[in-house]
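**Q**
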Amino acid sequence: MAKYQLTKRKLHRAPRGFTLVEMLISVGIFTVIMTISVGALLTVFDAYQKTRLLRNTMENVNIATESMIKKIRTATLIDCDPGTVGQQDCPTSGNGRNSIEFLGADGLTIYTYAWDSGNEAITVDKSSDTLGPRVITSPEIKITSLVFYVDGVADNTKQDIVTVTVSGFANISGKSRFDTTFNLQTTVSKRILDLFGP
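Take the sequence shown: its position 89, counting from 1, is numbered 89 in the numbering used here, and each next residue is one higher.
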């Protein structure tokens, strides 16, 4: 008699994979997380660019105004209205002027600082320089206003005081979202006591 032995076939189940729905959900979650991460990274990068531009702008404007202020501090014969005869006051209660002229500390060189509205820049013109006015601000910086207020030059009972206000913005061509505006004001008095006139 033949023995027939029934063998149990063991069914081996293959490891179960992701279904299409699970795959779509995981890809969707990954996409959302990556979009948020990239957006945050771009925002941080833009903030860094704007901060760097603002710092560079303020350094450039500070250098330009600081050189002007140092010259004014040691100047004589300050005149905020170079087109008129004699020294004129342009007090802060008035409109001020877009240029200032003074005799330098050497007693020979006449300096004229002015706003060049066409180039939106600050210029300096020295009488000893035959090249004419030179721009002292960088091309990325647009000066929209430069105003000088002078008090005390026409009155021998007051010390000469000059207030300078500068307004403008910094611009990287093609990147208007980085435009950074600034307003700066500084006041300086002459180093030499001048209460009784020149």
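Yeah, the Cβ is synthetic: ideal placement off N, Cα and C, and Gly gets one too.
Which parts of the region 133 to 171 are runs of the beta strand (DSSP E), unbroken and 3 residues or longer, counting only runs that do not cross its ends?
**A** 141 to 151
**Q** So, with DSSP's three-state summary, where would you put D117?
**A** What sits at residue 117 in the sequence shown is Ser, not Asp. Note: S117 maps to coil in three-state DSSP.
**Q** Put L131 into one of helix, strand or coil per three-state DSSP.
**A** coil
**Q** Leaving out five residues before and five after Y113 in sequence, what residues of the same chain have Cβ atoms less than 6 angstroms from its Cβ?
**A** When the five nearest sequence neighbours on each side are left out, the beta carbons in the same chain lying within less than 6 angstroms of the beta carbon of Y113 are those of M68, I100 and V124, in order along the chain.
**Q** Looking only at its chain, what residues have a beta carbon closer than 7 angstroms to the beta carbon of K190, apart from the 5 residues adjacent to it on each side?
**A** R73, A75, Q159 and D160
**Q** Report the three-state DSSP secondary structure of R177 (helix, strand or coil).
**A** strand
**Q** State the beta-bridge partners of D79 as determined by DSSP.
**A** D79 is bridged to E101.
**Q** Taking the DSSP output, what are the residues bridged to F182?
**A** G168
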